[in-house]
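>
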Amino acid sequence: MNLLKKAYVYTENYRNNLIISYFAVIFSTIFYLLISQVIRISIDILSHNIEAKNGIITSFLRQIINRENFLESLLISSVLIVTLTIIRGVFTFLRSIHSNVAAEGIAKSLRDKLYGHISKLNYEYHIKASTGDTIQRCTSDINTVRRFLALQSTELFNSIFMFILVVILMFNMNVKMTFIGIVLMPIIVIYSYYFSKKVHFLFTEVDESEANLSTALEENISGVRVVRAFGMQAYEIEKFDLKNKDLKEKIFKLINYIGNYWSISSLIALTQNAVVLIFGAFMVVDGKLTLGTLVAFTLLVNQMLFPIRQVGRILGDMSKAKVSIGRIEEILDEEAENYDEGITDHEFKGYIEFKNVNFSYDKRPILKNISFTIKPNEKIAILGTTGSGKSTLMYLLTRLYSNYTGTITLDGIDIKKFNKHYIRKNIGLILQEPFLFAKTIQENISVARPDADFKEIELAADISSVHSGILEFDKGYETLVGEKGVSLSGGQKQRISIARKVLTDAKVIIFDDSLSAVDIETDMNIRNNLKNFKKDATTILISHRISTLKEADKILVLENGEITAMGDHNDLLKISSLYKKINDIQKNQSA
């Protein structure tokens, strides 16, 4: 129940709606029971078989129903029943309106909270988390919680309240018939309890299978080019089909179990009705029960057993809601990055120092005893084999990773003392595989500075050597790039990503192999343009191209997470076998 207590917090802004819903449930139930009593007493009056008990309803009906005029009395009773039904319908409508207002409000609040929290989670979480599973939690799981908190909770209240009032009314009408009417109730209660336990496990299986299917679908759509390039369609279709089949089987298993529950519980309820009718008929014949009371008992037994069966279903839904709340809380319990604390008013000069920095990921050493300095306006380059830790160095510098040992300083101040937004504003990281939104080219360039005017956007594109290419599109800067920039080439996406950073005031620009998809001539043009436009910026180049690296003031060679050599191009040709080997290979390829 702890998870449900946590979920109660989500209803904070909509409790008035829920309270109105609960009151509407109370009055709706009362009017339903009034209808059953009007039917009972009307039948007894018209059949000249009214019991000695004389309540308010009986006295009222005796005054308006004329035993001598059957049709008139029947019409009056019918009008009264219809009137009570309409009034009950009004309360049912109020319950529905306010429940749904609360439901949609809770869903929106929860989506906002979850999305806001996810956007603040650290980089390590996003590496480990499955995108498909996260989407599942933000959509399907929130919808499950929404339904339970605002809709099924009122159903649960309705079922409990209805059961209590019906039992009280039945005891008030006839004690013996009441005991006959509840003889099979323990069987339904026990069956409903075990149903809720089993269905909780089945809902968990379905949720996990849905998450796996969502992940597979997201991977296939995102990697459609790779799938087609390697002719993997058949393999991926088979893999998707297996996950889809697994989900279908688990859903069928769940549906069958729920179907069996309703079938068996309906059989028990019908048996209970039969018992009431048989015993009631004998009591009517013996004069121990009126016909109206028997009819009322038949109606009320259904209304007594139905809430119990409903509770079984709602407990099953509660089990599903608990699973969903648990999955949502798993994300909300993840520690978010703090963007409010830290230095924000420092005038960044660009002096960077790594001192004895070590970093491990999942207990695997990635960087070992890294020490180097970068002076303001200096251009440095980093060369290394795949997996040597080049990108990780930059992730540490931009505070995407924080669990390292040693110190990293900016202008002599530990980077952990700076505000993370400030760090990322002043250090522009351009990735090898940039992410583009499904918007226009202009919107993608200006994403870092939405207030930039069109001339600034054009200038940024021109510096990034992509302006002329953009103009070749029919709609120019208004061209939609598609999801993740699918309509653009790799080189165009990289250059648009560079244009984004040109628009910012970053004091340090990091190219993390972000020119790998452009030709050498374009690479040189972009670097020359940036040199002239960002004269006071410090530049860090990560690349495998010696032609890109050799103009740097200082080059670091990384091997297995360690700096094995440091110097300029000529120095490294003499002291680094890896650097010389790569240089010779690339020379031979270009010859």
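The opening residue of the sequence shown carries number 1 in the UniProt record's numbering; numbering runs sequentially from there. Glycine included, each C-beta is placed from N, C-alpha and C at the ideal position.
Along the chain, where does the beta strand (DSSP E) that runs through residue 512 open and close?
Translated into the one-based positions of the sequence shown, residue 512 becomes position 512. Residue 512 -> beta strand (DSSP E) spans 508-512.
> Using the Cβ count rule (16 or more neighbours within 10 Å means buried), how would you classify residue 345?
Translated into the one-based positions of the sequence shown, residue 345 becomes position 345. Result: exposed.
> Classify residue 585 as helix, strand or coil using the three-state DSSP reduction.
As a position in the sequence shown, residue 585 is number 585, starting the count at 1. Helix at residue 585.
> Quick check on residue 339: does DSSP put it in helix, strand or coil?
For the purposes of this step, residue 339 is identified with residue 339 of the sequence shown, where counting begins at 1. Correct three-state label for residue 339: coil.
> Between the alpha carbons of residue 159 and residue 153, how many angstroms are there, rounded?
Numbered from 1 along the sequence shown, position 159 holds the residue referred to as residue 159. Numbered from 1 along the sequence shown, position 153 holds the residue referred to as residue 153. Their Cα atoms are separated by approximately 10 Å.
> Exposed or buried, which one is residue 589 when buried takes at least 16 other CB atoms within 10 Å?
Position 589 of the sequence shown holds residue 589. Exposed, since its Cβ has fewer than 16 Cβ neighbours within 10 Å.
> Check whether the region 128-137 and the region 287-296 are in contact - that is, three or more C-beta pairs closer than 8 Å.
No, because fewer than three Cβ pairs between the region 128-137 and the region 287-296 fall closer than 8 Å, the two stretches do not touch.
> Can you tell me the Cα-Cα spacing of residue 42 and residue 273, whole angstroms?
The residue given as residue 42 occupies position 42 in the sequence shown. The residue given as residue 273 occupies position 273 in the sequence shown. Straight-line Cα distance between these residues: approximately 22 Å.
> I need the boundaries of the alpha helix (DSSP H) containing residue 491, first residue and last residue.
In the sequence shown, residue 491 corresponds to position 491, counting from 1. Unbroken alpha helix (DSSP H) run through residue 491: 490-503.
> Between the Cα of residue 523 and those of 547, 486, 98 and 298, spot the shortest distance and give me the residue it belongs to.
Working through the sequence shown from its first residue, we reach residue 523 at position 523. Measuring from the Cα of residue 523, the nearest candidate turns out to be 547.
> When you compare each of 403, 347 and 340 to residue 365 by their alpha carbons, which one comes out closest?
By 1-based counting over the sequence shown, the position of residue 365 is 365. Of 403, 347 and 340, the residue nearest in Cα terms is 403.
> Using the beta-carbon count (16 or more within 10 Å), is residue 116 buried or exposed?
In the sequence shown, residue 116 corresponds to position 116, counting from 1. So residue 116 ends up on the exposed side.
> Under DSSP, the beta strand (DSSP E) around residue 358 begins and ends at which residues?
As a first step, residue 358 is located in the sequence shown; it is residue number 358 there, counting from the start. Residue 358 -> beta strand (DSSP E) spans 352-361.
> From the DSSP output, read off the bridge partner residues of residue 199.
Position 199 of the sequence shown, counted from the first residue, corresponds to residue 199. The partner list for residue 199 (beta bridge, DSSP) is empty, contrary to what the question assumes.
> Who does residue 565 pair with in a DSSP beta bridge?
Looking up residue 565 in the sequence shown gives position 565. Paired residues: 557.
> According to the neighbour-count rule (16 or more other Cβ atoms, all chains shown, within 10 Å of its Cβ), is residue 52 buried or exposed?
Sequence index remark: in the sequence shown, residue 52 carries index 52 (1-based). Because the pLDDT at residue 52 is just 44, under 50, the model does not fix this residue reliably, and the value given afterwards should be weighed accordingly. Exposed.
> May I ask you to report which of helix, strand or coil DSSP gives residue 429?
Residue 429 sits at position 429 when you count from the first residue of the sequence shown. Residue 429: strand per DSSP, three-state reduction.
> Under DSSP, the alpha helix (DSSP H) around residue 416 begins and ends at which residues?
Looking up residue 416 in the sequence shown gives position 416. Residue 416 -> no alpha helix (DSSP H), and no H or E assigned at all.
> In angstroms, rounded to a whole number, what distance separates the CA positions of residue 375 and residue 324?
Translated into positions along the sequence shown, residue 375 becomes position 375. Translated into positions along the sequence shown, residue 324 becomes position 324. So the alpha carbons of these two residues sit roughly 51 Å apart.
> Please classify residue 392: is it buried, with 16 or more other beta-carbons within 10 angstroms of its beta-carbon, or exposed?
Mapped onto the sequence shown, residue 392 falls at position 392. Buried, because 16 or more other Cβ atoms sit within 10 Å of the Cβ of residue 392.
> Rounded to whole angstroms, what's the CA-CA distance from residue 227 to residue 542? Just pull it up for me.
Looking up residue 227 in the sequence shown gives position 227. Looking up residue 542 in the sequence shown gives position 542. For residue 227, the predicted model reports a pLDDT of 48, less than 50, meaning its position is unreliable; a value from the coordinates is still stated below. Cα to Cα, the separation comes out at about 28 Å.
> Can you name, in chain order, every residue of its own chain whose Cβ lies under 7 Å from the Cβ of residue 442, other than the five neighbours on each side?
Position 442 of the sequence shown holds residue 442. Same-chain partners within the cutoff: 457, 477 and 478.
> Mapping the DSSP letters down to three states, classify residue 371 as helix, strand or coil.
Here residue 371 corresponds to residue number 371 of the sequence shown, with the count starting at 1. Of the three classes helix, strand and coil, the one that applies to residue 371 here is strand, per DSSP.
> Thinking C-alpha only, which one of 278, 387, 16 and 192 is nearest residue 262?
Indexing the sequence shown from 1 puts residue 262 at position 262. For residue 262, the nearest C-alpha among the options comes from 192.
> At which residues does the beta strand (DSSP E) containing residue 383 begin and terminate?
Against the sequence shown, residue 383 aligns to sequence position 383. Unbroken beta strand (DSSP E) run through residue 383: 379-384.
> Does DSSP classify residue 178 as helix, strand or coil?
Within the sequence shown, numbered from 1, the residue matching residue 178 stands at position 178. Helix.
> Using a Cβ-Cβ cut-off of 8 Å (strictly less than) and excluding sequence neighbours within five positions of residue 518, which residues of its own chain qualify?
Taking the sequence shown and counting its residues from 1, the one referred to as residue 518 is at position 518. Excluding sequence neighbours, residue 518 sits near 465, 491, 494, 495 and 526.
> Using 8 Å for Cβ pairs, my map puts residue 440 next to residue 397. What's the rounded Cβ distance?
The residue you call residue 440 lines up with position 440 of the sequence shown. The residue you call residue 397 lines up with position 397 of the sequence shown. Incorrect: roughly 32 Å between the Cβ atoms, too far for contact.
> Grouping DSSP H, G and I as helix and E and B as strand, with all else coil, what is residue 227?
Reading the sequence shown from its first residue, position 227 is the one you call residue 227. With a pLDDT of 48 at residue 227, under the threshold of 50, the predicted position of this residue should be treated as unreliable, though the coordinate-derived value follows. Here residue 227 sits in helix by DSSP.
> Tell me the DSSP secondary structure of residue 271 in three-state form.
Counting from 1 along the sequence shown, the entry for residue 271 is found at position 271. Helix at residue 271.
> Can you tell which of 214, 203, 241 and 209 has the C-alpha that lies nearest to the C-alpha of residue 256?
Here residue 256 refers to the residue found at position 256 of the sequence shown. Cα-wise, what sits closest to residue 256 is 203.
> Check whether the region 418-435 touches the region 366-385, counting contact only when three or more Cβ pairs, one atom from each stretch, lie closer than 8 Å.
No contact exists between the region 418-435 and the region 366-385.
> Cutting at 8 Å between CB atoms, please list the residues of its own chain near residue 503, excluding the five before and the five after it.
Mapped onto the sequence shown, residue 503 falls at position 503. The answer, listed in chain order, is 445, 446, 448, 449, 452, 456, 457 and 460.
> Mapping the DSSP letters down to three states, classify residue 137 as helix, strand or coil.
Sequence index remark: in the sequence shown, residue 137 carries index 137 (1-based). Three-state DSSP puts residue 137 in a helix.
> Pairing CB atoms from the region 400-418 with CB atoms from the region 339-358, are three or more of them under 8 Å?
Yes: the two stretches touch, three or more of their Cβ pairs being nearer than 8 Å.
> Give me the residue from 82, 11, 513 and 21 with the minimum Cα distance to residue 31.
Position 31 of the sequence shown, counted from the first residue, corresponds to residue 31. Nearest option by C-alpha distance: 82.
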